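2 protein chains.
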Amino acid sequence: MTIEPRVLKGFTDHLPDKMLVRREMLSSLEQTFLLHGFVPIDTPALEYSEILLGKGSQETDKQLYRFEDNGGRDIALRFDLTVPFARFAAQHLHEIGTPFRRYHIAPVWRAEKPQRGRYREFIQCDFDIIGTTSKLADAEIIGMINASLSKLGVSHQIRINNRKLLAGVLDSLGISDRSQAVLRTVDKLEKLGQEIVIKELTTEVGLNSRNVDSLLRFIGLSNGQESVGAVISAIEDFGLNNEILAQGISELREVISYLDALGLVTQNGGPTPFCIDLGIARGLDYYTSTVFETTLTDLPEIGSICSGGRYDNLAEIYTKQALPGVGASIGIDRILGAFDVLGKIPPKQTSARALVVSSPIERRAQCIRAASILRSAGISTELSTQDTRLKQELKYANRKSIPFIIFPSEEEGLFNIKSMIDGTQKDNVRMENLAQELG
Amino acid sequence: MTIEPRVLKGFTDHLPDKMLVRREMLSSLEQTFLLHGFVPIDTPALEYSEILLGKGSQETDKQLYRFEDNGGRDIALRFDLTVPFARFAAQHLHEIGTPFRRYHIAPVWRAEKPQRGRYREFIQCDFDIIGTTSKLADAEIIGMINASLSKLGVSHQIRINNRKLLAGVLDSLGISDRSQAVLRTVDKLEKLGQEIVIKELTTEVGLNSRNVDSLLRFIGLSNGQESVGAVISAIEDFGLNNEILAQGISELREVISYLDALGLVTQNGGPTPFCIDLGIARGLDYYTSTVFETTLTDLPEIGSICSGGRYDNLAEIYTKQALPGVGASIGIDRILGAFDVLGKIPPKQTSARALVVSSPIERRAQCIRAASILRSAGISTELSTQDTRLKQELKYANRKSIPFIIFPSEEEGLFNIKSMIDGTQKDNVRMENLAQELG
């Protein structure tokens, strides 16, 4: 009797082809984070439900993997990295000090209805600077997003807004009491299109058509402008005036001046790395100032691959100390999906550049030494453990897309190198020269 | 009302100082694994309890974080990486092919009584070659352990045995019916000492004193020998003869000949990287041939930091296809603990080599540019987002052990570099030369 090997619905195994790509991507991101002086932290996957739920919604509650442990504690698996970070910051404030810049790459779990390409377990990648109200921190985060994505080689544009602009407009129009509903609806502009959003703003949110028109005309100011300066002039010329709006303009201007000083550039002559997009609202109430989303130039339809913004207080549920900050989250799975579509970093079955066969048996010790020498030279090498025919080994190398296969030549002590890419073969290479031949 | 920020009993947060060391260690290990042609996989943290328990013991059951999900499924968090790998191998055999060499670095959860330095959530790091009975695979695994630990810079010795040797001896003595109990007791030799083990073998396992004596004399054959060859001669001269013992000797000899060909060396003139230790039994019934443990030369008392062995069948619960293989597990937490004790890779608060201040405000754009230039040169740099006095910044750099602080000099456009290590200062450095000055 055997048990049928299977995974839970909504979960998936990660095979080497995908894992090698994911690993390379995460390692590249980490290098960029460290280069910017961000440090890693980790928190437990399991926490008290009370901690994770905080003032959470019923929606969050339903998504929790929540249960009682053997000690009768009400516990759950984390569903994001923001709540644990808030708890962490409150708990360790004295040890970590502020300002504090951290990143956290870890799995989270959500008992959602599984959808195409979305799993109940997935990796999140968050980074924040907390303990500062300085707008230079906003620019640091945006600059790091640009550096991270540039290093990954994806052409992108970071679309920046400031929540105070929309708040100011709503205030001027006398509809700030409905700002939450308005922002959530505006946030869907790109996804649903102008027509549907106008309908929702009118029927569901209950704005009159003059206000809807003003709002959408304001948002439209950032369309087709030549420069961020031109957008800001357009906002100033729009004719609405109030303190919140003015503050929003001033903050946006400051962030952009820092971004200019950072000298953001894109790879491969892509578009300017950042722009102002007055339609960026972000669904969460949490953000209070700068907000941003990031679009892949070659695949804008997959939506934002990195979003975030500035908040006034990270951890108010856990501590009385105000912790203002700014942060972002990179959508690892979306970028991996995009890599797939765009053919970047094609999946591979192995890291090995060379397969060294280990037969015939009487030449085995030499083969083992050859593999050792290649590895010492930093060349990823698989040493075959089998005593099989060369034909079998070629099949294996081919299947795993290992670019070179090395086997003893007829001359004692020498080796042949066959390229699995173009089929060419170099005969009678001395052991010491193998690494050099593989370049 | 705030919620008290706290973690569950037996769990811990990982602060940047420890995380930076752990990250470096795992990254070093992964590089070695990839160099040897091993590939990463990942499996879900949650699985059907039925899958995880398999033919598991009651002990395992008690340690499981097990619960019912919203769909009424009986699920649990994985407690090791071996069971999920067996399930994975059975499920994906056709896609992965054999021989298959994988590594898996991931957290596991055990609802054990928390002990000093042991947590209910910890990282495991496993690697295996499956689908081959070749003893060259055993040597590949042992060779990779040596390469991994050498790259980490820890002096170590891998102690190798073959289960068939002890099995042969027990057979010759006519006590192979009690082999499980004997092996488990012998496994405790190093921990409890000879005297207690003799007592246990006599009273609990029920061996007569002549057999206990023969057994311990046999195990003692590997003590104080000059070479592995001398140990093998001593075994052959011991006077016991049977087929299992002979097979054990032949297998051990073969593995060692491959290790010789691999040319294992230690760093810093440590002891020979491997030896035969006839006392290595390993508690698990699972192993059938080669077994090994690894001791830190400078800290043997913490026990084995990397153990494993050869098994006949990995996944018999999930598939009828026999999957022989050989694997090992590196004790990440033990090595990190040893690093702490031995003062290797001292913990640090940040990855940053330089802190660039961003005040006075009128020089801020220059400071930002300077940070950008340093990062482009690959120097990990924290750009202060604060507008504070230099004294405050020095305090911050000191607290975080950032080695250099860079601030605008009195000369427009130039910078001063202060070393936080020796207090020296270099004045009036041009922006373009900052990276070079930091070396």
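Line by line, the protein sequences give chains Z and Y.
Each residue of the first sequence is one higher than the last, beginning at -15 in our numbering.
Each residue of the second sequence is one higher than the last, beginning at -15 in our numbering.
Idealized CB from N, CA, C, for every residue including glycine.
Nothing here was measured: the structure is a model prediction, and the numbers come from that model.
Closest by C-alpha distance to residue i, when choosing among the options
i	options	result
arginine 201 of chain Z	Z:Val181, Z:Thr187, Z:Phe222	Z:Phe222
threonine 281 of chain Z	Z:Leu136, Z:Pro255, Z:Glu43	Z:Pro255
glycine 397 of chain Z	Z:Pro(-11), Z:Glu346, Z:Gly362	Z:Glu346
alanine 131 of chain Y	Y:Asp197, Y:Ile314, Y:Arg62, Y:Arg414	Y:Ile314
glutamate 31 of chain Z	Z:Lys175, Z:Leu61, Z:Met3, Z:Gly(-6)	Z:Leu61
valine 125 of chain Z	Z:Asn412, Z:Thr369, Z:Gly309	According to the sequence as given, residue 125 of chain Z is isoleucine; it is not valine. For isoleucine 125 of chain Z, the nearest C-alpha among the options comes from Z:Gly309.
glycine 101 of chain Y	Y:Ile319, Y:Ile144, Y:Leu4	Y:Ile319
lysine 410 of chain Z	Z:Val189, Z:Phe399, Z:Glu416	Z:Phe399
arginine 456 of chain Y	Z:Arg383, Z:Gln99, Z:Gly(-6)	Residue coverage of chain Y in this structure runs from -15 to 423, which leaves residue 456 of chain Y outside it and unanswerable.
asparagine 212 of chain Y	Y:Asn192, Y:Ser288, Y:Ile203, Y:Phe258	The sequence as given places valine at residue 212 of chain Y; asparagine does not occur at that position. Out of Y:Asn192, Y:Ser288, Y:Ile203, Y:Phe258, Y:Phe258 has the C-alpha closest to the C-alpha of valine 212 of chain Y.
asparagine 145 of chain Y	Y:Gln47, Y:Ser206, Y:Glu366, Y:Gly362	Y:Ser206
aspartate 261 of chain Y	Y:Ala218, Y:Asp53, Y:Met3	Y:Ala218
glutamine 141 of chain Z	Z:Gly158, Z:Met415, Z:Val249	Z:Val249
alanine 381 of chain Y	Z:Ser356, Z:Leu(-8), Z:Gly81	Z:Gly81
arginine 383 of chain Z	Z:Met415, Z:Lys332, Z:Ser360, Z:Gln370	Z:Lys332
Residues bridged to residue i [DSSP beta-bridge criterion]
i	result
serine 291 of chain Y	Y:Ser313
glutamine 409 of chain Y	Y:Lys402
cysteine 109 of chain Z	Z:Ile89, Z:Ile314
aspartate 58 of chain Z	Z:Glu52
leucine 418 of chain Y	None, per the DSSP bridge assignment.
histidine -2 of chain Z	Y:Asp26
leucine 367 of chain Y	Y:Val340
Residue i and residue j closer than 9 angstroms at C-beta
i	j	result
aspartate -3 of chain Z	aspartate 26 of chain Y	yes
phenylalanine 106 of chain Y	isoleucine 316 of chain Y	yes
serine 335 of chain Y	serine 364 of chain Y	yes
leucine 65 of chain Y	alanine 90 of chain Y	yes
arginine 265 of chain Y	aspartate 171 of chain Y	Strictly speaking, residue 265 of chain Y in this sequence is alanine, with arginine absent from that position. Yes; because the gap between Cβ atoms is below 9 angstroms, this pair is in contact.
lysine 328 of chain Z	valine 138 of chain Z	yes
alanine 299 of chain Z	proline -11 of chain Y	yes
leucine 358 of chain Y	alanine 419 of chain Y	yes
leucine 167 of chain Y	arginine 147 of chain Y	yes
isoleucine 401 of chain Y	glutamate 377 of chain Y	no
glycine 287 of chain Y	lysine 135 of chain Y	no
leucine 149 of chain Y	isoleucine 233 of chain Y	yes
threonine 274 of chain Z	leucine 236 of chain Z	yes
alanine 349 of chain Y	isoleucine 129 of chain Y	no
glutamate 34 of chain Z	isoleucine -13 of chain Y	yes
lysine 276 of chain Y	valine 5 of chain Y	Before going on, a small fix: residue 276 of chain Y reads as phenylalanine here, not lysine. No. Outside cutoff.
alanine 74 of chain Z	threonine 272 of chain Z	no
serine 368 of chain Y	alanine 245 of chain Z	no
Chain Y residues whose Cβ lies nearer than 7 angstroms to that of residue i
i	result
leucine 246 of chain Z	Ile352, Ser356
glycine 137 of chain Z	Neighbours of glycine 137 of chain Z on chain Y: none; closest Cβ ~17 angstroms, over 7 angstroms.
asparagine 54 of chain Z	Ala95
alanine 74 of chain Z	Pro(-11)
glycine 190 of chain Z	Simply none; closest approach about 34 angstroms.
Chain Z contact residues for residue i, given Cβ-Cβ distances below 7 angstroms
i	result
histidine 424 of chain Y	Residue 424 of chain Y is absent from the structure shown; chain Y starts at -15 and stops at 423.
tyrosine 302 of chain Y	Thr(-14), Ile(-13), Pro(-11)
arginine 71 of chain Y	Pro(-11)
threonine 334 of chain Y	Gly21, Val23
tyrosine 242 of chain Y	Ile352
alanine 312 of chain Y	What alanine 312 of chain Y touches in chain Z: nothing, since even the nearest Cβ is about 15 angstroms away.
Within chain Z, partners of residue i - CB distance below 8 angstroms
i	result
glutamate 79 of chain Y	Leu(-1)
Residue i: contacting residues in chain Y (beta-carbon distance under 8 angstroms)
i	result
arginine 7 of chain Z	Glu14, Pro24
glycine 3 of chain Z	Residue identity check: residue 3 of chain Z is methionine in the sequence provided, not glycine. Within chain Y, the residues near methionine 3 of chain Z are Val23, Pro24, Ile25, Asp26.
serine 160 of chain Z	What serine 160 of chain Z touches in chain Y: nothing, since even the nearest Cβ is about 28 angstroms away.
Beta-carbon neighbours of residue i, restricted to chain Z and to distances below 9 angstroms
i	result
tyrosine 295 of chain Y	In chain order: nothing, as chain Z lies at least about 15 angstroms away.
phenylalanine -5 of chain Y	Thr27, Pro28, Ala29, Leu30, Glu31
phenylalanine 51 of chain Y	Tyr49, Arg50, Phe51, Glu52, Asp53
Residue i: contacting residues in chain Y (beta-carbon distance under 9 angstroms)
i	result
arginine 57 of chain Z	Leu(-8), Lys(-7)
glycine 38 of chain Z	Ile(-13)
Residue i at chain A interface by Cβ criterion, 9 angstroms
i	result
glycine 362 of chain Y	Among the protein chains in the structure shown, which are Z and Y, there is no chain A.
- Item | contact_flag[the stretch 85 to 93 of chain Y, the stretch 15 to 34 of chain Y] where n(CB pairs < 8 angstroms) is 3 or more | When C-beta atoms of the stretch 85 to 93 of chain Y are compared with those of the stretch 15 to 34 of chain Y, three or more pairs fall below 8 angstroms, so the two segments count as touching.
- Do three or more CB pairs link the stretch 327 to 347 of chain Y to the stretch 379 to 391 of chain Y at distances below 8 angstroms? Contact holds: three or more Cβ-Cβ distances are below 8 angstroms.
- Please determine if the stretch 228 to 236 of chain Y and the stretch 152 to 165 of chain Y are in contact, where contact requires at least 3 C-beta pairs separated by less than 8 angstroms. Yes, the stretch 228 to 236 of chain Y touches the stretch 152 to 165 of chain Y.
- Message: Does the structure place the stretch 89 to 109 of chain Y close enough to the stretch 293 to 302 of chain Y that three or more beta carbon pairs sit under 8 angstroms?
- Response: With the rule of 3 Cβ pairs closer than 8 angstroms, the stretch 293 to 302 of chain Y does not count as touching the stretch 89 to 109 of chain Y.
- Given 8 angstroms as the limit, is there contact between the stretch 180 to 188 of chain Y and the stretch 111 to 122 of chain Y, that is, 3 or more CB pairs closer than that? Touching, no.
- Query: Do the stretch -1 to 17 of chain Y and the stretch 41 to 51 of chain Z meet, that is, are 3 or more Cβ pairs less than 8 angstroms apart?
  - Reply: Short answer: they don't touch.
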